[in-house]
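First residue of the sequence shown? That's 70 in this note's numbering, and the numbers climb one at a time after it.
Positions of the beta carbon are idealized from the N, C-alpha and C atoms, including for glycine.
See below for the structure under consideration.
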Amino acid sequence: MVLDTPTDKRKRRTHTAVLDGARSLFLRHGYRATTIEMLATAADVAVSSIYANFPAGKVDIYAALAWRTAQSHAEQMTAPTDAVDSAHVVAEFLDRYIAFHRDDPLALRLLALTDVDKSESASVGEAKEKIDTALGELIDSVTRAVEDAGADVLPRALVLNAWAAMNGAVSLHQRRIVDRSMLDAMLAITRADMLRHLKGTPDETR
């Protein structure tokens, strides 16, 4: 499967180099403008090596990069926390989510598989299924933390509302409709609004 990192050392090195190069090129030039030749140069591999690892070419690379991004996102969001109560756990989830998308401006497009279609390669459908599962598990985790903290609204609706608002803010920034300072203000409002619905949230957490 092209989505997973190969166990063979040489193939793993090529796989990683291609995805690292793709991330940089897609961010700088966009998916459509990036060519296989550009990817080969960035990864310092032959074009034939790319097709040996990613049979459908660029679309497989995009799908694999999207899945790697989802895995990184899940690892960051589920890393151990020093928070001692549920309200602080929820605040930590929000802060990690915001930090992830600030640090990886390409993540939102990748996780949504914005630039590719399932008709182009089976890897796109496979990536969508795996990403949807990973994101669903994250939503479940945050929802459980909200339930533990107690909320004055439906916990899952609160989580999904905050998720949609943060993604929307990031999308507006990527489209250059809002600048960085406005993005930060919008994310802060969403964070505070969600925490305000939790029972017993201390002021310093909001």
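So, residue i versus residue j, is the Cβ gap smaller than 8 angstroms?
{"i": "alanine 132", "j": "alanine 196", "result": "yes"}
{"i": "alanine 326", "j": "threonine 212", "result": "With the chain covering only 70 through 275, there is no way to say anything about residue 326."}
{"i": "isoleucine 167", "j": "leucine 267", "result": "no"}
{"i": "serine 210", "j": "valine 128", "result": "no"}
{"i": "valine 71", "j": "serine 192", "result": "yes"}
{"i": "alanine 218", "j": "valine 159", "result": "yes"}
{"i": "glutamate 161", "j": "threonine 150", "result": "yes"}
{"i": "valine 228", "j": "isoleucine 200", "result": "no"}
Please identify the residue among the options whose C-alpha is closest to the C-alpha of residue i.
{"i": "aspartate 164", "options": "Ile130, Asn122, His142", "result": "His142"}
{"i": "glycine 90", "options": "Phe169, Ile200, Thr110", "result": "Thr110"}
{"i": "serine 93", "options": "Ala121, Ile130, Phe123", "result": "Ile130"}
{"i": "alanine 254", "options": "Gly99, Ala102, Val239", "result": "Val239"}
{"i": "arginine 137", "options": "Leu223, Asp173, Ala125", "result": "Asp173"}
{"i": "arginine 225", "options": "Arg101, Asn236, His242, Gly205", "result": "Gly205"}
{"i": "glutamate 144", "options": "Ala203, Arg244, Asn236", "result": "Ala203"}
With H, G and I counted as helix, E and B as strand and the rest as coil, what does DSSP make of residue i?
{"i": "leucine 88", "result": "helix"}
{"i": "alanine 220", "result": "strand"}
{"i": "leucine 64", "result": "Outside the modelled stretch of the chain, which goes from 70 to 275, sits residue 64, for which no answer is possible."}
{"i": "valine 215", "result": "helix"}
{"i": "phenylalanine 95", "result": "helix"}
{"i": "lysine 187", "result": "coil"}
{"i": "glycine 237", "result": "helix"}
{"i": "tyrosine 100", "result": "coil"}
{"i": "alanine 160", "result": "helix"}
{"i": "histidine 121", "result": "According to the sequence provided, residue 121 is alanine. The question's histidine does not apply to it. Correct three-state label for alanine 121: helix."}
{"i": "valine 247", "result": "coil"}
{"i": "aspartate 172", "result": "helix"}
{"i": "threonine 76", "result": "coil"}
{"i": "threonine 259", "result": "helix"}
{"i": "glycine 205", "result": "helix"}
Under 8 angstroms by Cβ, that's how I've got residue i and residue j pegged, so tell me the actual separation to the nearest angstrom.
{"i": "alanine 139", "j": "leucine 182", "result": "Contact doesn't hold; Cβ gap of about 10 angstroms is too wide."}
{"i": "leucine 175", "j": "phenylalanine 123", "result": "18 angstroms between Cβ atoms; not a contact."}
{"i": "alanine 231", "j": "methionine 251", "result": "Not confirmed; about 18 angstroms, so no contact."}
{"i": "serine 118", "j": "threonine 83", "result": "6 angstroms"}
{"i": "tyrosine 100", "j": "aspartate 221", "result": "Not quite, the Cβ-Cβ distance comes to about 42 angstroms (not below 8 angstroms), so this is no contact."}
Beta-carbon within less than 6 angstroms of residue i's beta-carbon, same chain only, minus the 5 sequence neighbours each way: which residues are those?
{"i": "alanine 86", "result": "Ala112"}
{"i": "arginine 81", "result": "Thr74, Pro75"}
{"i": "glutamine 243", "result": "none"}
Excluding the 5 residues preceding and the 5 following residue i in the sequence, name in chain order all residues of the same chain whose CB lies nearer than 8 angstroms to its CB.
{"i": "threonine 103", "result": "Ala91, Leu94, Phe95, Lys127"}
{"i": "histidine 98", "result": "Met107"}
Below 7 angstroms CB to CB, which residues in the same chain sit around residue i once its five sequence neighbours on both sides are set aside?
{"i": "histidine 170", "result": "Ala176, Leu177, Val239"}
{"i": "glutamate 106", "result": "Val116"}
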